[in-house]
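Have a look at the structure below before the remarks.
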Amino acid sequence: MKHPFVLTYALALLGWAGWNEFRGVGWNNPDEVKNVPKSLRNNPGAYRSHYSGGPRYYGGK
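Note that this note's numbering has the sequence shown beginning at 67, numbered continuously upward.
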């Protein structure tokens, strides 16, 4: 191999990323969401009846 530094750097980076994933410190934590309402009663805007309807939104009140 021409550049052994590249291999060393790649292995160090891979080891660092693997260790952080093992500890639970990832790039982002999609499972962790803060301030999530417990029910629809706490978040009345979450449910929209037109989402489960037909392919278009008919609108209006």
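The beta-carbon is built from N, C-alpha and C at its ideal position, and this holds for glycine as well.
Nearest-angstrom Cα distance between residue i and residue j?
i: His69; j: Gly81; result: 19 Å
i: Asn86; j: Leu79; result: 11 Å
i: Asn101; j: Ala83; result: 28 Å
i: Val72; j: Phe88; result: 24 Å
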